[in-house]
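To start, the structure under review is shown below, and the notes come after it.
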Amino acid sequence: MKKKRARRSVMGMLASMLLAVPVMAEPKLDGEEEVNAALTQWTRDFNAGKADAVCDLFSTDLKYDFRGYPERDYADICNRLKRSLSDSSRRYSYGLNIREVLVEGDMAVVRLTWTLTVTLPNGQTVTSVEPGMDVMRKGADGKWKIVRYIAYEAPGRVTSDE
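Numbered according to mature numbering (1 follows the signal peptide of the UniProt record, and there is no 0), the sequence shown spans residues -25 to -1, 1 to 137.
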């Protein structure tokens, strides 16, 4: 009888200990990791030619400045990206180098460099290095989107005859 009680006591203690251990949940990403993930996913989608996904990174109220051109918006960038991906005579590919991410609440500022490589019909490649700064906002849906950005081309274009 004492052995049964002792066993029940031990079993009860083990059950209590197991219940006291928090259930392992999916680890939540912090803001910086979420921003990195959003930018990395966009790069993968673009490089895979997913025209239906290339506008997803941008807020519909996007405003941006690029290389001294007039201010542009969401419709402009979406049209340009989709047109690039539908151009079967050239192949476009982006490389991403995130240099710094600063997050405060639902806003983030990202210093980064995009490297665009265009492969022409003759096999020649043209590479454009585009440092810039993106301002991103986390929406009610939990997704980070670019609301503003400034980009410029680094001096010198690299052309290869590969």
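All C-beta atoms, glycine included, are put in the ideal place defined by N, C-alpha and C.
Since we're looking at a predicted model, the values are computed, not measured.
For residue j and residue i, the rounded distance between their alpha carbons
i: Leu32; j: Tyr67; result: 18 Å
i: Ile125; j: Asp40; result: 5 Å
i: Gln99; j: Arg65; result: 10 Å
i: Ser61; j: Arg47; result: 21 Å
i: Thr90; j: Thr102; result: 7 Å
i: Met108; j: Ala13; result: 15 Å
i: Tyr69; j: Val104; result: 10 Å
i: Asp51; j: Val29; result: 12 Å
i: Glu8; j: Ile73; result: 11 Å
i: Gly114; j: Val10; result: 12 Å
Residue i, buried or exposed, once every other Cβ within 10 Å from all chains shown has been counted against 16
i: Lys120; result: buried
i: Ala83; result: buried
i: Leu56; result: buried
i: Leu95; result: exposed
i: Ala(-1); result: Residue placement at Ala(-1) is flagged as unreliable, the pLDDT there being 49, under the threshold of 50; the coordinate-derived value follows with that caveat. It counts as exposed.
Contact check, residue i vs residue j, beta carbons under 8 Å
i: Val15; j: Leu71; result: According to the sequence provided, residue 15 is Thr. The question's Val does not apply to it. Yes, Cβ-Cβ distance for Thr15 and Leu71 is below 8 Å.
i: Arg86; j: Glu75; result: yes
Contact set for residue i: own chain, Cβ-Cβ below 6 Å, skip 5 residues either direction
i: Val93; result: Arg65, Tyr67, Val101
i: Leu77; result: Val84
i: Trp17; result: Leu32
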